[in-house]
Amino acid sequence: MNRTHYYLIVLSMCIVLSCSNSSLALESKCSYCHGSVLEEVKQSVHGAVLGDGQRCIICHGSQYEQPHYGKHIEEIETGFEINRCFSCHGSDLYATHGELFPQPPLHLNFKGDTSQTSCVTCHVEEKDPHLIKPAKIYALKDCEECHSSDSILLTTPSKSSLKHQIIGTTFTNSEITKRGQYVAGANRIPILDNLCIILIILTIIGAFVIHGGVRFITRKRKGE
Amino acid sequence: MAEKIYLHPVLERVWHAIHALCIVVLIISGAQIHWPGAIHLFGSFQTAVSVHNWFGLLLVADFLLWLIYNLASRRIVHYIPNKRDIPNGLIVQAKFYICGIFKHDPHPYPPTVDEKFNPLQKMSYLIFMGLMTPILLISGILYLYPLYFADFITSIGGLKVLAVIHFILAIIFAAFLIAHLYLATTGHTIQDNFISIVTGYADSEEEEA
């Protein structure tokens, strides 16, 4: 084997190794800008399960193999879709989540526009979507985290002005309702709530206090 | 002493008791679901939802019992206003509640075996049992099983439209319940009508709620 053949063999091996580790190389490229994010993924439940090179594009898609720097951050979509969760976790989600709440398909967004709830809503702590912990260690299980006036799904500040709460005609969470959703306990029409409460109070006052009061005043006395 | 008449057969009293229980439980649990931060009578949100679902289904069964029983026995005629009732009967009865009751006038339409409701009762019960209860129950069933009726729900504007319809009807039912309880006190004595719906017997001249 002469020197030229030796160089060709070494070069070929380098090309083969380079191709087989292209995703690993991609992950290194990602970490050049998103190093802290990659570290969080490694610390998450996915860190141990997903091998080197799978941790970025398996959730964000192959289009991110191309560098996207040089753009304003507003122009860059995260590329995350909830279906990417289901591609790995889709087998028994109904059964496991059905133990927690009714209508798992509705809550888990398998059907059209009835729900857009994302897995990370319940499975990340402190709103960090990359630091997903094992469900046994951390997962929101309290219904009122979403079904309440202080719902974590709300995009409108819960402590809006009194005037807004009284005369507002829109749902308090316009972002959710734009997607066709209605989360009981979280969504409401403030003015409708207030009108209904006024109707109930007026009925009580009108019947028991006013009508009943006049009946009491005009009641038959003993001996009449 | 007023003559006693058998106004409420046992099946109607059983139906009324189940209906009353369901309505009260559904209003309270529904209020907790709508205002979970303010009302905690049934404990957790999930418990309130389960209670609401089960009592809602019980109310559906109870409504069907009422419908089938009244149609089969032809006692549905008690709920149908006649020519005398519209509009004269309604006006006379309304005048009684606005004025006559304070002057201790006799009830213009005392219950009889053949006609146990006054014109206002007939009209309001017919509207509530014939129209509003079915809409309330259907909206509740759609809300309970939204995925089975996804296309229809989408066609009416989504879950939010369904939820608002259900909520408005629920509030109207709550207001009706208050008025119903109050009017039940307008018998010969405050408690007469409450005793009547338990025993089945009522004074022939007394007023129902």
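Protein chains in written order, with this note's numbering: chain A, 8 to 231; chain B, 883 to 1091.
Note that beta-carbon positions come from the ideal geometry of N, C-alpha and C, so glycine has one too.
Item: Where does A/Lys49 fall in DSSP's three states?; Value: helix
Item: Starting from A/Gln50, find everything on chain B with Cβ-Cβ shorter than 9 Å and list it in chain order.; Value: Those do not exist, as A/Gln50 stays about 32 Å from chain B at its closest Cβ, beyond 9 Å.
Item: Is it buried or exposed, B/Ala1057, if we count other Cβ atoms within 10 angstroms and call 16 or more buried?; Value: buried
Item: From B/Lys998, B/His934 and B/Phe978, pick the residue whose C-alpha is nearest to that of B/Gln1023; which is it?; Value: This sequence places Ile at residue 1023 of chain B; Gln is not what is there. When only C-alpha atoms are compared, the closest one is B/His934.
Item: Name the residue from B/His986, B/Cys904 and B/Gly912 whose alpha carbon lies nearest to the alpha carbon of B/Phe937.; Value: B/Cys904
Item: Contact between the stretch 915-923 of chain B and the stretch 1059-1068 of chain B: three or more CB pairs below 8 Å?; Value: no
Item: Using beta carbons (cut-off 8 Å, strictly below), is B/Tyr1007 in contact with chain A?; Value: no
Item: Going by Cα to Cα distance, which pick from B/Ile1050, B/Gln1003 and B/Asn1075 is closest to A/Leu206?; Value: B/Ile1050
Item: Between A/Phe93 and chain B, is the shortest Cβ-Cβ distance under 8 Å, so that the two count as touching?; Value: no
Item: Taking the C-alpha atoms as reference points, what is the distance between B/Pro990 and B/Asp996?; Value: 16 Å
Item: Considering only C-alpha positions, which residue in the set A/Tyr76, A/Cys126, A/Leu107 and A/His75 is nearest to A/Gly97?; Value: A/Cys126
Item: Can A/Cys63 and A/Arg91 be called in contact, C-beta distance under 8 Å?; Value: no
Item: Any contact between the stretch 971-978 of chain B and the stretch 996-1009 of chain B? By contact I mean 3 or more CB pairs, one from each, below 8 Å.; Value: yes
Item: Taking the straight line between their C-alpha atoms, what separation do you get for B/Arg895 and B/Ile958?; Value: 15 Å
Item: Should B/Tyr1025 and B/Leu1044 be called a contact, given that it needs their Cβ atoms to be closer than 8 Å?; Value: yes
Item: So, helix, strand or coil for B/Ala1056, using DSSP?; Value: helix
Item: Using a Cβ-Cβ cut-off of less than 8 Å, list which residues of the stretch 971-1005 of chain B approach chain A; keep chain order.; Value: Tyr979, Ile983, Phe984, Lys985 and His986
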